[in-house]
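J.: Dropping a structure here in structure tokens format, bear with me for questions.
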Amino acid sequence: STSLAKKYNIKSRTTILNWIHMYNAFGIKGLIVRKPIKVYSGNYKRKVLHWMHTNHSSYPETALFFNISAPSTIFAWERRLETKGLTGLYTNRGPKKMKSNNIKFKSLNKSLKNKVNYYLINYRYEQIKQEHGAIINHIKKLINYFKRFSISFILKSIGVSRSYYYRHLKEHDKDIKLKKMITKIKRFNPNYGYRRVTLALINNNVVVNHKKVLRLMKTLKLTTNSYNKKSRKYNSYIGKVGHTAKNRLHRKFKTDRPYQKLTTDVSEFRYGNQDINHRVYLSPIMDLFSDEILTCSISEHPTVDFTIKPMKALIKTLPNLEYRTTVHSDQGFQYQNNKWQRLLKNNHIFQSMSRKGTCLDNAQMESFFHIMKTEVMNVNYETKDSLIKTMKNWIKYYNKYRIKTKLGGKAPKEYRELYLLENK
Numbered sequence: 001s002t003s004l005a006k007k008y009n010i011k012s013r014t015t016i017l018n019w020i021h022m023y024n025a026f027g028i029k030g031l032i033v034r035k036p037i038k039v040y041s042g043n044y045k046r047k048v049l050h051w052m053h054t055n056h057s058s059y060p061e062t063a064l065f066f067n068i069s070a071p072s073t074i075f076a077w078e079r080r081l082e083t084k085g086l087t088g089l090y091t092n093r094g095p096k097k098m099k100s101n102n103i104k105f106k107s108l109n110k111s112l113k114n115k116v117n118y119y120l121i122n123y124r125y126e127q128i129k130q131e132h133g134a135i136i137n138h139i140k141k142l143i144n145y146f147k148r149f150s151i152s153f154i155l156k157s158i159g160v161s162r163s164y165y166y167r168h169l170k171e172h173d174k175d176i177k178l179k180k181m182i183t184k185i186k187r188f189n190p191n192y193g194y195r196r197v198t199l200a201l202i203n204n205n206v207v208v209n210h211k212k213v214l215r216l217m218k219t220l221k222l223t224t225n226s227y228n229k230k231s232r233k234y235n236s237y238i239g240k241v242g243h244t245a246k247n248r249l250h251r252k253f254k255t256d257r258p259y260q261k262l263t264t265d266v267s268e269f270r271y272g273n274q275d276i277n278h279r280v281y282l283s284p285i286m287d288l289f290s291d292e293i294l295t296c297s298i299s300e301h302p303t304v305d306f307t308i309k310p311m312k313a314l315i316k317t318l319p320n321l322e323y324r325t326t327v328h329s330d331q332g333f334q335y336q337n338n339k340w341q342r343l344l345k346n347n348h349i350f351q352s353m354s355r356k357g358t359c360l361d362n363a364q365m366e367s368f369f370h371i372m373k374t375e376v377m378n379v380n381y382e383t384k385d386s387l388i389k390t391m392k393n394w395i396k397y398y399n400k401y402r403i404k405t406k407l408g409g410k411a412p413k414e415y416r417e418l419y420l421l422e423n424k
């Protein structure tokens with residue numbers, strides 16, 4: 001059709017396509033130039049528009065079906081119906097007036113007019129519902145499209161009560177504010193799951209159910225994908241190489257005062273090609289009162305001195321207490337060593353050890369390592385320095401900002417400081 005249009009200097013290829021359709025439908029008669037019928041009855045116009053909407057047909061298809069010379073005629077009818085209502089279909093140009101057909105516009109049946117409008121509203125609503133989104137958004141689009149109709153009439157036409165609409169409209173407005181707050185919290189705390197997002201909202205005086213937070217986070221696609229790579233776990237136990245201590249905690253990790261129960265362990269973190277030459281080790285000391293990391297050490301070699309270093313640093317900062325401190329660990333060779341045990345004894349610190357091969361005896365520290373690796377080791381680090389820098393920054397973040405449910409929505413450091421402030 002494009003080549004024919006160029007060959008015969010016809011401006012639009014659509015004209016040629018229309019001739020083809022007319023010929024296929026009506027034969028040679030379809031190509032005869034016809035004078036457009038000057039007057040179509042209002043009922044006929046309604047019939048044409050009804051057929052077009054029911055069959056979801058285009059203007060050209062409808063014109064071809066009803067043998068109407070110009071598709072633009074049907075377009076004009078539809079616009080007139082939308083802008084002027086049913087009356088617009090019964091208005092004809094020329095000297096003939098509706099009086100000749102005994103139709104008085106002012107006395108048109110109101111119920112008939114409403115019926116047509118009802119059809120238009122529902123037709124448009126079915127189109128809008130094909131779009132993705134909440135029902136309340138669909139209704140708002142429909143109301144915005146038919147501004148000439150009252151909200152009550154539109155709601156009645158689609159079978160929605162006013163109370164339902166205004167209640168959900170109010171809830172929708174609340175959800176918009178809540179979504180903005182959730183997005184902001186996740187932007188600054190990308191590793192927050194829905195429970196800690198809920199706590200953060202509560203800390204900002206927004207009382208909301210955690211299930212609703214989860215639903216909105218799913219809608220916003222902000223749920224956390226946890227890193228859960230299974231890798232070889234570092235094990236510092238190489239047999240009995242020194243003295244083991246009894247288990248003083250017996251999995252009673254809770255305490256109501258700081259510095260009473262501490263726990264420690266060693267874990268490895270890999271970088272580069274992650275072979276034996278590309279690993280660093282972390283030895284933190286945690287206060288079970290607030291789960292705060294009081295001090296830690298990072299090294300390429302998990303030696304005895306490596307574990308003693310953070311312990312010495314902690315001892316220097318320990319306040320005078322009315323009770324003795326207990327330090328719990330597993331049976332790693334570092335903690336069986338005489339240097340470690342003598343350091344604790346000389347500073348009047350009780351030593352406690354897990355039973356052999358029982359990781360649950362030191363569950364709090366195991367949990368900390370799991371959380372840290374979930375949030376730190378979700379990327380590959382090319383260099384040792386980049387890994388160590390990330391580890392140090394994350395521990396600072398954990399102590400100062402990572403809120404916990406068990407701490408009432410407080411971060412470990414904040415929880416300890418509040419306690420000390422209240423118990424001066």
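Position 100 (the sequence shown) corresponds to 100 in the UniProt record's numbering; numbering is contiguous.
The beta carbon of each residue, even a glycine, is placed where N, CA and C say it ideally should be.
Quick caveat, the model's predicted, so the values are computed rather than measured.
#1: Are the segment 157-169 and the segment 200-219 in contact at 8 Å, needing three or more beta carbon pairs?
#2: So residue 242 and residue 380 are supposed to be a Cβ contact under 8 Å. How far apart are they, rounded?
#3: Would residue 154 and residue 136 be called neighbours here (beta carbons separated by less than 8 Å)?
#4: To the nearest angstrom, how far is it from the Cα of residue 162 to the Cα of residue 392?
#5: Taking only the alpha-carbon atoms, compute the straight-line gap between residue 339 and residue 295 and give it to the nearest angstrom.
#6: Any contact between the segment 206-219 and the segment 320-333? By contact I mean 3 or more CB pairs, one from each, below 8 Å.
#7: Using 10 angstroms around the beta-carbon of residue 130, count the other beta-carbons present and answer buried if the total reaches 16, otherwise exposed.
#8: Measuring CB atoms only, is the segment 340-347 touching the segment 302-310, in the sense that at least three cross pairs come out at less than 8 Å?
#9: Short of 6 Å in beta carbon distance, which residues of its chain neighbour residue 413, apart from the five on each side in sequence? Order them along the chain.
#10: Could you name the residues that DSSP lists as bridge partners for residue 326?
#11: Please look up how many angstroms separate the CB atoms of residue 248 and residue 350, rounded, as I've assumed it's under 8 Å.
#12: According to DSSP, is residue 386 helix, strand or coil?
#13: What's the call for residue 176, buried or exposed, on a 16-neighbour Cβ count within 10 Å?
#14: According to the neighbour-count rule (16 or more other Cβ atoms, all chains shown, within 10 Å of its Cβ), is residue 362 buried or exposed?
#15: Considering residue 291, what are the terminal residues of the alpha helix (DSSP H) in which it resides?
#16: Hey, how far is the Cα of residue 262 from the Cα of residue 140?
#17: Give every residue of the same chain whose Cβ lies closer than 8 Å to the Cβ of residue 214, excluding the five residues on either side of it in the sequence, and list them in chain order.
#18: Locate the beta strand (DSSP E) running through residue 300, then write down its first and last residues.
#19: Can you name the start and end residues of the beta strand (DSSP E) that residue 269 belongs to?
#20: CA-CA distance, residue 280 and residue 267?
#21: With distances taken from CA atoms, which of 315, 171, 358 and 209 is nearest residue 134?
#22: So, at 6 Å on beta carbons, what are the nonlocal neighbours of residue 60 in its own chain, with the 5 sequence-adjacent residues on each side left out?
#23: What is the rounded straight-line gap between the Cα of residue 407 and the Cα of residue 286?
#24: Could you tell me which residues DSSP pairs with residue 279 in its beta bridges?
#25: Under 7 Å Cβ to Cβ from residue 371, same chain only, skipping five residues before and after it: list those, please.
#26: With 16 as the cutoff for other CB atoms within 10 Å, does residue 205 come out buried or exposed?
#27: When the Cα atoms are used, what is the spatial distance from residue 185 to residue 192?
T.: Looking at the coordinates:
#1: no
#2: The pair is not a contact, with the Cβ atoms about 37 Å apart (cut-off 8 Å).
#3: no
#4: 57 Å
#5: 19 Å
#6: no
#7: exposed
#8: yes
#9: 292, 399 and 400
#10: 261 and 350
#11: 6 Å
#12: helix
#13: exposed
#14: buried
#15: Here residue 291 belongs to no alpha helix (DSSP H), and DSSP marks it neither H nor E.
#16: 58 Å
#17: 194 and 223
#18: From DSSP, residue 300 is part of no beta strand (DSSP E); its letter is neither H nor E.
#19: 267-270
#20: 9 Å
#21: 171
#22: 71
#23: 15 Å
#24: 270
#25: none
#26: exposed
#27: 8 Å
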